[in-house]
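A.B. asks:
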Amino acid sequence: MDMASSDDMAMADLETGEEEEVLRRLGTAEEAGLTDNEAARRLRLHGPNVVVLSHHHEGSMLQRFLMALFSLWGWDHVFPKYNNMVRIILNSMSWVTVLTTIAITSAGQRPCELAIVVFIVATSLIACFIAKLVLEYAKAPLEAKAHSPRAKVLRDGRWRDVHAANLVPGDIIFLKVGDIVPANARVLRFQKIDTMTCWAKRSVDCAHDFLIYYAWTVSCGQGTAVVIATGRGIPRSTLRLYPQRYARPGQLKEGVMLAACFCASLVLVGTIAEIVLSFLLQKQNCTGMPLNAHFMPLIGGIPMAMPVFLYLALAWGSVRLCFLGIASRGTVALEDLASVDVILFNMTGTLTCNQPCFVRDKIEMFADGVSKDHAIILAARASRSQHELYIEPIDAAILRLLDDPEQARFGVQVLEHHACFFVALKLMFQTTYIDEGNGSKCCVFKGDPTKVAHQCGCSKEVKEKISTLMDELTLDGYQAIAVGHQVDSCWEFIALMPYTDDLRSDSADVVDSLIDLGLDIRVLTESPLSTTKQVCGKLGKLGTNVVPAHSVFELARNNIEVHSNINGISDLFPEDKSDVVRRLRNFGCHCAMVGYEFLDHDAIGESHIGISVADATDYTKSESDLVLTQHALMPVSSAVQISRKICQMMRSFTIFTVSSTVHLFGVRAILYLLWHFDLSSILAFMIAACNYCTSFAMLFERVELNKSPDRWRVQKIITSGAAFGSYIVLTTAIFYWVASTANPFACKFKPISLMGSDEEIRAALFLQMSTINQAIALFVHSDGCCIIRFPGPVVTFSFVVSQMGWIDMVVQLSPTFDPGFSLSQMGTHKDD
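With UniProt numbering applied, the sequence shown corresponds to residues 1 to 832, in that order.
1. Can you tell me whether residue 911 is helix, strand or coil according to DSSP?
2. Work out the CA separation of E492 and H454 for me, nearest whole Å.
3. Looking only at its chain, what residues have a beta carbon closer than 8 Å to the beta carbon of V256, apart from the 5 residues adjacent to it on each side?
4. If contacts are defined as beta-carbon pairs under 8 Å, then C591 and L344 qualify, I think. What distance do you get, rounded to the angstrom?
5. Could you tell me whether the segment 530–548 touches the segment 347–355, using the rule of 3 or more Cβ pairs below 8 Å?
6. Roughly how many angstroms lie between the CA atoms of P48 and D336, to the nearest whole one?
7. Among F797, T431, D710, V340, which one has its Cα closest to the Cα of R384?
8. Looking only at its chain, what residues have a beta carbon closer than 6 Å to the beta carbon of T352, apart from the 5 residues adjacent to it on each side?
9. On a Cα-Cα basis, can you pick out the residue from I130, L699, D179, I734 that is closest to T224?
10. Can you tell me which of the three DSSP states L705 falls into?
11. On the criterion of 16 or more Cβ atoms from any shown chain inside 10 Å, does C490 qualify as buried, or is it exposed?
12. Taking 7 Å as the cut-off, is the C-beta of G666 nearer than that to any heavy atom in the ligand FAD?
13. Verify whether the separation of the beta carbon atoms of I363 and M497 is less than 8 Å.
14. Count the C-beta pairs between the segment 225–240 and the segment 385–399 that are closer than 8 Å, then say yes if the count reaches three, no if not.
15. Applying the criterion that 16 or more other CB atoms from any shown protein chain within 10 Å of the CB defines a buried residue, is M769 buried or exposed?
16. At which residue ranges does the segment 435–483 contain complete alpha helix (DSSP H) runs of 4 or more residues, listed in the order of the chain?
17. Determine the extent of the alpha helix (DSSP H) in which L26 is found, giving its start and end residues.
18. Determine the burial state of W316: buried for a count of at least 16 other Cβ atoms within 10 Å of its Cβ, exposed for fewer.
19. Looking at the structure shown, is C220 part of a helix, part of a strand, or coil, going by DSSP?
20. Run the CB neighbour count on C357, radius 10 Å, all protein chains shown included, and call it buried at 16 or more, exposed below.
21. Compute the Euclidean distance between the alpha carbons of D625 and G330, then round it to the nearest angstrom.
22. When DSSP labels each residue in this structure, what does E136 get in the three-state scheme?
23. Check whether the segment 143–153 touches the segment 168–177, taking contact to mean three or more Cβ pairs, one atom from each stretch, closer than 8 Å.
24. What's the C-alpha gap between V794 and T617?
25. Let me check one thing: in DSSP terms, what residues is E364 bridge-paired to?
26. With DSSP run on the structure shown, which of helix, strand or coil describes I391?
27. Can you look up C589 in the DSSP assignment and give me helix, strand or coil?
28. Can S339 and Q251 be called in contact, C-beta distance under 8 Å?
29. Where does Q355 fall in DSSP's three states?
30. Comparing C-alpha positions only, which one of A397, P141, V483 sits nearest to G355?
31. Can you list, in chain order, the residues of its chain with a C-beta nearer than 7 Å to that of R360? Leave out the 5 residues immediately preceding and following it.
32. Are the Cβ atoms of L188 and E436 separated by less than 8 Å?
33. Any chance you could list the alpha helix (DSSP H) runs of at least 4 consecutive residues sitting entirely within the segment 597–670, in chain order?
34. Just checking my contact of M511 with G540 at CB under 8 Å: how many whole Å lie between their CB atoms?
35. Would you kindly report the start and end of the unbroken beta strand (DSSP E) that includes N346?
36. Report yes if the C-beta distance between W675 and S740 is below 8 Å; otherwise report no.
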């Protein structure tokens, strides 16, 4: 207790003490930071800066092994966030079914059945385990590149980029807009700003000596802070969850769960009904019924194969995303990208490079006696210094116009530098300084021409001239900022400075590819209407129907026709982007948002799928489902195609599984209730093995790509599967009736009789059931009632090979199809 109290007191002193005293106690200096040797020593002393939010008891090694074995079947992989009874029931049902089946087959001395069960179980578990290892190996470098927390730290007087886990108390760190605070720290120097700086789901006023905590987010501004607590030393009261997009189930997981519940319910309810009807109609008690046959549908892989197949399909899709350089957290984006109707792009930084380039010759002067060179120097004074650790792209472009960046601060004493507005390139930076030449106090600022003209009190004629020049520059593909100057309370509009922000090299190709996939594209930007139209006109097939934000929000909220024809929205404020996404969602659209800036996080959070480009801010990446790790947009189109292929594959498999379930159970029930014919469970075992082979073949099938958004309609899928299954149940019942009753074709085929012994009927019945059951896999790619999509070579080859193998097995094992056959009779049968 005394040690804990002393630690709390020491932490309180660091939080409330004077800045000089805090730096002295931490043994660091604001100008040089810690030395490398001292940082290494403290790292050994305090441990890595890794925060564990839960310290619950993990249990013994045996308990962890049993839990891993329990969840290895696949349902935990399919539903990682479903800590509810559905997952537990499905998982338990799978293992109880397997263990019961093994017990029955072992007691009945049927090694063939036991071998098939072990084969199915072992193949599934090994496949899941290998897929998990491959996926983790493929995702590790991309996760480290996209989501690994980094920090800019001062060591030995030099700023370095290090992993956040290597931070120690006493480190001087640099924070900028969009950064996530890596440890508890105390602000040393932060630029004065006009809004909150550190955002933790509540308003915070930034002041000198202000405390910031682990996992807070810097919303604007930049500055330095000293770390006061890391890792295990962070008080529990200040801990909060690291920013991360809320994980939710995707459409495939929800659909598979509903289909699995349908299959399990069908078997459960049907088996109970079969027992009751058998007891009532046939006056037969339940003890006389072959209990192993009632496990036959479950043994066929109803609740077991579906999560395995889905996990393997999603794992294969995630590996393909890794090959494209896309880091993903979970599989929601991989599942739901197929259903996306609209993709929204923030123009600056996503479609464009966000690397402005000014053209000196096109600078328009408005102030008398001011040269272009002096206007550039004034603009540079309203920019961040080249010595600062982070410079906005617009400031860096202005400094590049100077022969020597030191000219921006030569002969002046800067008093303060802060931002006035917070809308990307409309961000108006203002610098107050004293001119050392005459001692006058001056103020210079740059930003949106309309804002600057209003601040300077320009006349109507000047504002019209500015508007005309902006329109002319826009036609040539230019945007512009304005520079204003104040001397002795007199504001003057100095110059209009045009610049270009080129599109990414693949922006037009990506837009064309997404439009070809049936997606609607929206460009969201804070830029003026004319500039947005100019950019949209360069984006391939995208139209130029651009509407300013105020016009969009004046539209009726239920006017979907107007919203559906918009190609872009200009003059947006940050909060407007999320409102646009929210409106589209209210119209029933599935939206994906591609963002770059910190201010895009609200829109990304509102969208179904959030995507961040490679150089996005840390917080924007943490809110996104997909993060591009390469400076290219084409992987977005490829990801949509992969998602649609997986949806098509899973639709085919789900229909196949539902139809197989209906077939196995329906045939079992009809033959037993109508003809008192009991199917041997080995039929279900062998058909299940056939279906497993066909299912794995579907993973490697070449799927035809849908050219429109692909949403899972689970009811339609289950209905299609039930219809297929009911049809083949009818064909099997007719086949058995023909084979077991008087020969209806005796007049035509007198030498041959279709009537056979029980062994022959069981063998023929197995071949018919196996063939027609697997044949469903050849037609599940169809749309509606017409065969539009034919099976590929992989599924066809698997079907042919498995049927040839099973025909040979039928010849060898036909006696074992008799439910009363025992292992001791096999040798007698062979001798005969």
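For glycine and all other residues, C-beta sits at the position ideal for the given N, C-alpha and C. Values in this document were obtained by computation on a predicted structure and should not be read as measured data.
C.D. replies: The answer reads as follows:
1. Within the shown structure, residues of the chain are numbered from 1 to 832, placing residue 911 beyond reach of any answer.
2. 11 Å
3. V78, M306, P307, L310, M650, T654
4. 6 Å
5. yes
6. 37 Å
7. T431
8. D501, L503
9. D179
10. coil
11. exposed
12. Ligands are entirely absent from the displayed structure, and the ligand FAD is therefore not among its contents.
13. yes
14. no
15. buried
16. 449–456, 460–475
17. 19–26
18. buried
19. coil
20. exposed
21. 8 Å
22. helix
23. yes
24. 44 Å
25. L496
26. coil
27. coil
28. yes
29. coil
30. Note on residue identity: the sequence assigns Gln, not Gly, to residue 355. When each option's Cα is compared against that of Q355, the closest is A397.
31. K372, L401
32. no
33. 601–606, 618–622
34. Note that residue 511 is Val in the sequence shown, not Met. So it is a contact: roughly 5 Å between Cβ atoms.
35. 342–346
36. yes
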